[in-house]
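Q:
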Amino acid sequence: MTVRRVGTAMVLGLAGALLASCATGPDPQIARRAQTELVGMPKERLLACAGVPARQAQANGREYYTYVSDPGVAINPLGGSSIGVGGFGGGGSSGVGVGLGFGLPIGSSSPGMCEATFVLGPDGVEQVSYPGNASLSACTTIVQNCVPPAPR
Numbered sequence: 045m046t047v048r049r050v051g052t053a054m055v056l057g058l059a060g061a062l063l064a065s066c067a068t069g070p071d072p073q074i075a076r077r078a079q080t081e082l083v084g085m086p087k088e089r090l091l092a093c094a095g096v097p098a099r100q101a102q103a104n105g106r107e108y109y110t111y112v113s114d115p116g117v118a119i120n121p122l123g124g125s126s127i128g129v130g131g132f133g134g135g136g137s138s139g140v141g142v143g144l145g146f147g148l149p150i151g152s153s154s155p156g157m158c159e160a161t162f163v164l165g166p167d168g169v170e171q172v173s174y175p176g177n178a179s180l181s182a183c184t185t186i187v188q189n190c191v192p193p194a195p196r
């Protein structure tokens, strides 16, 4: 095997490993644990670990903080279009390609969306809830900085 082929194989192998590690996504167990482990957390600590909520309301002596995570939404300055340029060299030949792609949004929300609502009373967090159709992996991105590591 030539040095060039070994280098190409290594790059492709590393890229595959990186993509495989990204495909698993955040651990949904963290979102489940948050529903019990964050009860009693003071408001100041919640704001410090989760940040500023997307929405907040007050009713009946309670505060409601809603955080939103939607990793499937991205703003494209080209209005749904994209242009790509790629190149590959190997096996004694090389090539360069140029492509143009268009995306069409289908549906009203991403399957990776979550809205986590925290109910706060005088003694801190009383409840953490997610909609029934929420992706717990997406919910994990909201609460992961607040949940302590799992005991081993």
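Numbering follows our numbering, in which position 57 of the sequence shown is assigned residue number 101; successive positions increment by one, without gaps.
The beta carbon of each residue, even a glycine, is placed where N, CA and C say it ideally should be.
(1) Check Ile127 in the structure and name its three-state DSSP category.
(2) Taking 7 Å as the limit between beta carbons, can you name the residues of its chain near Leu122, skipping five residues before and five after?
(3) Would you identify the three-state DSSP class for Ala78, choosing helix, strand or coil?
(4) According to DSSP, is Arg89 helix, strand or coil?
(5) My guess is that Val169 and Leu91 are in contact by the Cβ rule of under 8 Å, so how many angstroms apart are they, rounded?
(6) Using the C-alpha atoms, what's the distance from Ala182 back to Cys190?
(7) Give me the Cβ distance between Pro70 and Thr184, rounded to the nearest whole Å; I'm assuming they're in contact under 8 Å.
(8) How is the beta strand (DSSP E) around Cys183 delimited, first residue to last?
A: Result, derived from the coordinates:
(1) With a pLDDT of 48 at Ile127, under the threshold of 50, the modelled position of this residue cannot be trusted; read the value that follows with caution. Note: Ile127 maps to strand in three-state DSSP.
(2) Residue confidence for Leu122 is low, a pLDDT of 40 falling below 50, so the modelled location carries little weight; the figure read from the coordinates is stated next. Sequence-distant partners of Leu122 (beyond 5 residues in either direction) whose C-beta falls short of 7 Å from its own C-beta are missing from its chain.
(3) Helix at Ala78.
(4) Helix at Arg89.
(5) In this structure, Val169 and Leu91 do not form a Cβ contact; the two beta carbons are roughly 11 Å apart against a cut-off of 8 Å.
(6) The alpha-carbon of Cys190 is positioned some 15 Å away from that of Ala182.
(7) Contact flag correct, Cβ pair sits at about 4 Å.
(8) According to the DSSP assignment, Cys183 belongs to no beta strand (DSSP E) but to the alpha helix (DSSP H) extending over Leu180 to Val187.
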